[in-house]
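Numbering (this note's numbering), first residue to last: 268 to 576.
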């Protein structure tokens with residue numbers, strides 16, 4: 268058994284590998300080649316916790332993950348987690364993996380994949396990232412590795428100056444970011460909309476990874492109205508978990524839009540018409556395949572700390 272740390276994952280899961288991993292994950296999900304029960308969600312001391320098991324021909328994976336807003340004040344990532352990778356054949360524990368970093372990398376990779384499919388290429392113009400936490404950092408890091416970016420804007424309530432300096436972007440206010448960005452990654456823990464449609468360009472692609480509870484929103488109604496293509500990781504998941512899907516659907520705002528899962532778009536080569544939105548709450552198969560690929564790469568390259576139990 269090996270232990271893979273944040274540093275190990277940064278080395279193993281470069282943008283090309285990470286995006287390829289989640290692409291395979293979404294294909295398997297669409298092809299129904301993954302056993303993926305709905306995640307168990309609990310409230311622990313008022314905070315969101317999730318248990319996410321999944322099984323493929325490659326591996327069995329369980330992730331324990333949480334979102335702790337108070338961690339901002341503690342200087343810790345909002346999202347904490349651990350991933351356990353096991354053999355589906357022998358039941359052996361193969362790896363224990365830093366779930367915080369794996370989650371951030373596979374989520375950023377999914378945003379990047381949706382963007383590449385939406386624009387049909389890698390020249391994404393001006394990129395705006397809303398948020399300044401761990402997810403925002405990995406969205407910036409992987410996007411700059413993967414895409415040709417004309418300019419990178421970062422906006423948040425605080426810490427965006429530090430993140431902008433770290434990744435080579437420009438800290439700005441939210442309105443400027445929304446008005447000027449061709450591609451937007453919303454990576455916040457906000458319960459209220461931060462993406463305001465009145466400021467958005469006529470043509471854009473947006474990936475929203477926040478608002479993972481039925482009553483929370485990261486996008487306002489004006490944004491939803493503008494969108495022509497509404498892409499999701501899992502229709503079942505967003506229909507039960509995200510206010511950015513549930514509330515607009517209740518209000519009749521999703522009528523006459525193309526609504527598709529990312530896996531179907533990949534499998535069938537469906538064209539995405541912009542303005543487009545990718546709404547993701549995260550599904551277990553992303554962790555499964557990304558963990559499996561990281562483990563295989565670690566064995567090949569001799570990375571990770573070997574332990575026996």
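No residue lacks a Cβ here, since even glycine has one placed at the ideal position from N, Cα and C.
Computed from a prediction, not measured in an experiment: that's the story for all the values here.
Skipping 5 residues on each side, what residues in its chain have a beta carbon closer than 8 angstroms to that of residue 443?
-> Taking the chain shown and counting its residues from 1, one reaches residue 443 at position 176. Closer than 8 angstroms at Cβ, skipping near neighbours: 420, 422.
Contact belief for residue 410 with residue 427 at Cβ below 8 angstroms, rounded distance in angstroms = Counting from one through the chain shown, the residue named residue 410 turns up at place 143. Counting from one through the chain shown, the residue named residue 427 turns up at place 160. Going by Cβ atoms, the distance from residue 410 to residue 427 rounds to 16 angstroms, so no, they are not a contact pair.
What do you get for residue 324, buried or exposed, if any count of 16 or more other CB atoms within 10 angstroms of its CB means buried?
-> One-based indexing of the chain shown puts residue 324 at position 57. When all chains shown are included, residue 324 counts as exposed.
Three-state secondary structure (DSSP) of residue 524 | As a first step, residue 524 must be located in the chain shown, where it is residue number 257. Of the three classes helix, strand and coil, the one that applies to residue 524 here is coil, per DSSP.
Report buried or exposed for residue 311, applying the criterion of at least 16 other Cβ atoms within 10 angstroms of its Cβ.
-> Start at 1 with the first residue of the chain shown, and residue 311 comes out as number 44. Around the CB of residue 311, fewer than 16 other CB atoms lie within 10 Å, so the residue is classed as exposed.
Alpha helix (DSSP H) containing residue 284: first to last residue?
-> The count along the chain shown starts at 1 and reaches residue 284 at position 17. Residue 284 -> alpha helix (DSSP H) spans 282–297.
Through-space distance from residue 269 to residue 368, alpha-carbon basis | Residue numbering aside, residue 368 sits at position 101 when the chain shown is read from its first letter. Residue numbering aside, residue 269 sits at position 2 when the chain shown is read from its first letter. In a straight line, the C-alpha of residue 368 is about 16 angstroms away from that of residue 269.
Cβ neighbours of residue 401 in the same chain (closer than 6 angstroms, five flanking residues each side left out) = Here residue 401 corresponds to residue number 134 of the chain shown, with the count starting at 1. Contacts found: 344, 371.
On the premise that residue 404 lies in contact with residue 430, defined as a C-beta separation below 8 angstroms, what is that separation, rounded to the nearest angstrom?
-> The residue you call residue 430 lines up with position 163 of the chain shown. The residue you call residue 404 lines up with position 137 of the chain shown. Going by Cβ atoms, the distance from residue 430 to residue 404 rounds to 6 angstroms, so yes, they are a contact pair.
Look up residue 428 in the DSSP assignment and say whether it is helix, strand or coil.
-> Taking the first residue of the chain shown as position 1, residue 428 is located at position 161. Note: residue 428 maps to helix in three-state DSSP.
Determine, using beta carbons only, whether residue 458 and residue 475 come nearer to each other than 8 angstroms.
-> Position 191 of the chain shown, counted from the start, is the residue given in the question as residue 458. Position 208 of the chain shown, counted from the start, is the residue given in the question as residue 475. No, these two residues do not count as a Cβ contact at 8 angstroms.
What is the C-beta distance between residue 286 and residue 413, in whole angstroms, given that I count them as a contact (C-beta under 8 angstroms)?
-> Here residue 286 corresponds to residue number 19 of the chain shown, with the count starting at 1. Here residue 413 corresponds to residue number 146 of the chain shown, with the count starting at 1. Going by Cβ atoms, the distance from residue 286 to residue 413 rounds to 6 angstroms, so yes, they are a contact pair.
Under 8 angstroms between the Cβ atoms of residue 289 and residue 553?
-> Position 22 of the chain shown, counted from the start, is the residue given in the question as residue 289. Position 286 of the chain shown, counted from the start, is the residue given in the question as residue 553. Contact: yes.
For residue 503, is the classification buried or exposed, using 16 other Cβ atoms within 10 angstroms of its Cβ as the cut-off for buried?
-> Sequence index remark: in the chain shown, residue 503 carries index 236 (1-based). Exposed: under 16 other Cβ atoms inside 10 Å.
Hey, quick one: how far does the alpha helix (DSSP H) through residue 515 stretch, first residue to last?
-> Taking the chain shown and counting its residues from 1, one reaches residue 515 at position 248. Per DSSP, residue 515 is one residue of the alpha helix (DSSP H) stretching across 510–517.
Flag this pair as touching only if the segment 493–503 and the segment 521–536 have three or more C-beta atom pairs under 8 angstroms; answer yes or no.
-> Yes: at least three Cβ pairs fall under 8 angstroms.
Under three-state DSSP, which class holds residue 338?
-> For this step, residue 338 is matched to residue 71 along the chain shown. Helix at residue 338.
So is residue 454 buried or exposed if we call it buried at 16+ other beta carbons inside 10 Å?
-> Start at 1 with the first residue of the chain shown, and residue 454 comes out as number 187. Label assigned to residue 454: buried.
Residue burial classification, residue 440 (beta-carbon count within 10 angstroms, cutoff 16) = Against the chain shown, residue 440 aligns to sequence position 173. Burial check for residue 440: the Cβ neighbour count within 10 Å stays below 16, so the residue is exposed.
Contact belief for residue 487 with residue 462 at Cβ below 8 angstroms, rounded distance in angstroms | One-based indexing of the chain shown puts residue 487 at position 220. One-based indexing of the chain shown puts residue 462 at position 195. So it is a contact: roughly 7 angstroms between Cβ atoms.
Taking residue 493 as part of the beta strand (DSSP E), name the residues at either end of that continuous run.
-> Walking along the chain shown from the start, residue 493 turns up at place 226. Judged by DSSP secondary structure, residue 493 falls outside any beta strand (DSSP E) and instead within the alpha helix (DSSP H) spanning 488–493.
Can you check DSSP and say which residues form a bridge with residue 504?
-> Residue mapping note: residue 504 aligns to position 237 of the chain shown, counting from 1. Under DSSP, residue 504 shares a beta bridge with no residue.
If you draw a straight line from the alpha carbon of residue 559 to that of residue 465, how long is it in whole angstroms?
-> Along the chain shown, read from residue 1 onward, the residue named residue 559 stands at position 292. Along the chain shown, read from residue 1 onward, the residue named residue 465 stands at position 198. If you take the alpha carbons of residue 559 and residue 465, they lie about 42 angstroms apart.
Report all residues from its chain with a CB closer than 7 angstroms to the CB of residue 406; omit the five preceding and five following residues, and keep chain order.
-> For the purposes of this step, residue 406 is taken as residue 139 along the chain shown, with counting starting at 1. Cβ within range, chain order: 375, 378, 396, 452, 454.
Enumerate in chain order the residues of its own chain whose CB-to-CB distance from residue 292 is below 6 angstroms, with the five nearest sequence positions on each side excluded.
-> Sequence index remark: in the chain shown, residue 292 carries index 25 (1-based). Here the set comprises 552, 553, 556.
Which of helix, strand or coil DSSP assigns to residue 352 = Residue 352 sits at position 85 when you count from the first residue of the chain shown. Correct three-state label for residue 352: strand.
Tell me which same chain residues have a C-beta within less than 8 angstroms of the C-beta of residue 576, skipping the five on either side of it?
-> Here residue 576 corresponds to residue number 309 of the chain shown, with the count starting at 1. The beta carbon of residue 576 sits closer than 8 angstroms to the beta carbons of 268, 360 from its chain, once the five residues preceding and following it are set aside; these are given in chain order.
Would residue 449 pass as a contact of residue 392 if the rule is Cβ separation under 8 angstroms?
-> Residue 449 sits at position 182 when you count from the first residue of the chain shown. Residue 392 sits at position 125 when you count from the first residue of the chain shown. Yes, these two residues count as a Cβ contact at 8 angstroms.
Which class does residue 472 belong to by DSSP, given the choice of helix, strand or coil?
-> For this step, residue 472 is matched to residue 205 along the chain shown. Strand.
Output the distance between the C-alpha atoms of residue 544 and residue 491, rounded to the nearest integer angstrom.
-> Stepping through the chain shown from its first residue, residue 544 is reached at position 277. Stepping through the chain shown from its first residue, residue 491 is reached at position 224. Near 8 angstroms, if we compare the C-alpha coordinates of residue 491 and residue 544.
Within 10 angstroms of its Cβ, does residue 540 collect 16 or more other Cβ (buried), or is it exposed?
-> For the purposes of this step, residue 540 is taken as the residue at position 273 of the chain shown. It counts as exposed.
Would you call residue 546 buried or exposed, if buried means 16 or more other Cβ atoms sit within 10 Å of its Cβ?
-> Numbered from its first residue, the chain shown carries residue 546 at position 279. Residue 546 should be labelled buried.
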